[in-house]
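Residue numbers (the numbering used here): 113 to 376.
Positions of the beta carbon are idealized from the N, C-alpha and C atoms, including for glycine.
Because the structure is a prediction, the values reported are computed rather than measured.
Let me begin by presenting the structure, written as structure tokens, before commenting on it.
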């Protein structure tokens with residue numbers, strides 16, 4: 113399964129990095145929904161770029177506390193979410209009062225314990241925008257507790273599969289990207305994919321993780337390219353690789369998790 117010129121010419125193009133570019137430099141960005149999850153926000157420059165690029169802004173329960181804490185009194189009104197959703201066990205009363213009372217942000221309580229606050233936000237997004245299939249960027253989707261990170265990756269798989277007729281809005285097919293202060297992470301499906309990796313905002317470090325079991329990959333545009341390379345947990349995994357170009361190519365016989373470092 114080596115990479116051929118024909119493979120590269122016919123590759124599916126993926127651009128998840130445009131969300132990180134400043135407005136005016138991101139002509140390829142599609143309207144997307146930003147969900148702020150319950151992780152510390154320390155990179156305010158990145159927050160400003162993705163907030164400015166997002167069509168819909170959402171806070172998931174405790175993510176509201178994180179947004180509030182990251183800002184000061186003069187900047188908070190600029191970062192007004194379109195709504196807040198979750199089981200609300202983490203949202204502090206005074207912070208709820210600020211967003212709901214002073215800024216008029218709708219707050220939706222969902223007591224369902226069979227879904228995470230991330231899932232509750234996806235469900236409410238589908239309910240409020242039924243005609244839209246916004247891609248989703250989850251800020252805080254990685255970092256923090258490992259079990260929550262795995263659930264975020266699970267959510268990628270839930271939405272990567274083909275939609276079923278009876279799916280609820282939180283399970284329908286949707287493009288989801290996990291974002292933290294340190295990394296941009298998403299699924300890359302089987303076949304040949306050409307991926308935008310602008311080195312002005314990404315890299316150099318990256319990894320290709322065989323989350324679907326034994327996988328064979330070929331790559332182009334990396335420091336350590338491979339050809340027909342078997343990868344699996346317990347044998348060998350491509351972590352700590354590096355990008356050498358503003359576009360890279362991954363050919364795989366299974367879906368893989370691609371994660372890229374945010375450039376500082």
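In the DSSP assignment, what are the bridge partners of residue i?
i: residue 341; result: 329
i: residue 195; result: 170
i: residue 348; result: 344
i: residue 305; result: 124 and 362
i: residue 148; result: 171 and 251
i: residue 318; result: 353 and 372
i: residue 288; result: 248
i: residue 295; result: 373
i: residue 81; result: Here the chain has residues from 113 to 376 only, and residue 81 is not among them.
i: residue 334; result: 355
Looking at residue j and residue i, is the spacing between their C-beta atoms short of 8 Å?
i: residue 344; j: residue 319; result: no
i: residue 129; j: residue 314; result: yes
i: residue 235; j: residue 248; result: no
i: residue 222; j: residue 197; result: yes
i: residue 237; j: residue 168; result: yes
i: residue 265; j: residue 307; result: no
i: residue 292; j: residue 151; result: yes
i: residue 177; j: residue 141; result: no
i: residue 210; j: residue 180; result: yes
i: residue 183; j: residue 161; result: no
Using the beta-carbon count (16 or more within 10 Å), is residue i buried or exposed?
i: residue 351; result: exposed
i: residue 338; result: buried
i: residue 334; result: buried
i: residue 253; result: buried
i: residue 229; result: buried
i: residue 262; result: exposed
i: residue 348; result: exposed
i: residue 311; result: exposed
i: residue 136; result: exposed
i: residue 175; result: buried
Cα-Cα, which of the options is closest to residue i?
i: residue 185; options: 164, 161 and 214; result: 214
i: residue 365; options: 303, 254 and 164; result: 303
i: residue 200; options: 173, 194 and 192; result: 173
i: residue 410; options: 207, 346, 288 and 195; result: The requested residue 410 is not part of the displayed model; the chain covers only 113 to 376.
i: residue 123; options: 137, 360, 136 and 182; result: 360
i: residue 242; options: 267, 226, 286 and 371; result: 286
i: residue 305; options: 369, 260 and 312; result: 369
i: residue 301; options: 191, 117 and 125; result: 125
i: residue 346; options: 246, 298 and 323; result: 323
i: residue 383; options: 258, 298, 255 and 342; result: Outside the modelled stretch of the chain, which goes from 113 to 376, sits residue 383, for which no answer is possible.
i: residue 231; options: 212, 171, 217 and 208; result: 171
i: residue 317; options: 372, 332, 309 and 163; result: 372
i: residue 270; options: 258, 289 and 256; result: 289
i: residue 356; options: 375, 332 and 340; result: 332
Looking at the structure shown, is residue i part of a helix, part of a strand, or coil, going by DSSP?
i: residue 217; result: coil
i: residue 249; result: strand
i: residue 118; result: helix
i: residue 313; result: coil
i: residue 237; result: helix
i: residue 207; result: helix
i: residue 227; result: coil
i: residue 164; result: helix
i: residue 267; result: helix
i: residue 300; result: strand
Compute every distance between the C-beta of residue i and the non-hydrogen atoms of the ligand HEM, then say whether any falls below 7 Å.
i: residue 296; result: Questions concerning the ligand HEM fall outside what the structure shown contains, since it holds no ligand whatsoever.
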